[in-house]
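Peer 1: Starting off with a structure, shown below.
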Amino acid sequence: MVKAYKQEHIYKHPWERVTSASWRKFADPENKRILSHILEVDTLNRKLDTESGKLYTTRGITIHTPGSWVLRRIVGQDICHCVESTVVDAQSRCMRLTTRNVSLQNFVEVEEKIQYEPHPDNPTGWTICRQETSIRIKPLSTLASMAEKVEQRCAEKFMQNSAKGREVMERMCKYLEAESSGMSL
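If you read the sequence shown in the numbering used here, its first letter stands for residue 32, the second for the next number, and so on.
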């Protein structure tokens, strides 16, 4: 069974500001308090394709294991390692991020896709964010009947963390807006 959901959010900020905020959201000390499930973020690879103008980045992200304490007890780990692959196409003004867990794959597979593009109704002033997340708990022979409940709890936690992420992005956009106009917050 797979638990999946989609969300859209409109940032009332230009694409350039929103994508800058996306890069900076994990580094800001205030955001670390809000995004307390994120333990560490490391850039593993960054490449600019000079022919296409696309920026390819891979980051390693360490998080608290999602789900309830029951799931953490079953898997025997409190942390989960993920890989985020990002492609930024400045020419077409599109940023795509795909994040997958690389640890705990015997128990759970999570994939999150986020895409930032100029909003069609206001392409110079707003940005639309589309997020898709899928969570699949692998059948645990002794706990097969619980898999659906665990997936639901994980999905609820991911949705809570998504709301926190949007809050952080909005705060970073306002910070960058103030920074570009020479004001301080």
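All C-beta atoms, glycine included, are put in the ideal place defined by N, C-alpha and C.
Take Asp73 and list the residues in its own chain whose beta-carbon comes closer than 7 angstroms to its own, dropping the five residues that flank it on each side.
Peer 2: Here the set comprises Arg90 and Gly91.
Peer 1: Could you round the C-beta distance between Tyr36 and Met190 to whole angstroms and report it? I think they count as a contact, below 8 angstroms.
Peer 2: 7 angstroms
Peer 1: Is Gln38 helix, strand or coil by DSSP?
Peer 2: Three-state result, Gln38: strand.
Peer 1: Do Met126 and Ser53 have their C-beta atoms closer together than 8 angstroms?
Peer 2: Going by C-beta atoms, Met126 is nearer than 8 angstroms to Ser53.
Peer 1: Within a Cβ cutoff of 6 angstroms, which residues of the same chain sit near Ser116, ignoring the five residues on either side of it in sequence?
Peer 2: Thr89 and Thr129
Peer 1: Taking 8 angstroms as the threshold (C-beta atoms), are Val133 and Ile166 in contact?
Peer 2: no
Peer 1: Can you name, in chain order, every residue of its own chain whose Cβ lies under 6 angstroms from the Cβ of Gln162, other than the five neighbours on each side?
Peer 2: These residues qualify, in order along the chain: Gln38 and Ile145.
Peer 1: Is it buried or exposed, Val119, if we count other Cβ atoms within 10 angstroms and call 16 or more buried?
Peer 2: Result: buried.
Peer 1: Hey, how far is the Cα of Ala121 from the Cα of Asn192?
Peer 2: Distance between the alpha carbons of Ala121 and Asn192: 27 angstroms.
Peer 1: Contact defined as beta carbons within less than 8 angstroms: I believe Cys185 pairs with Val49. What is the distance between those atoms, to the nearest angstrom?
Peer 2: Incorrect: roughly 27 angstroms between the Cβ atoms, too far for contact.
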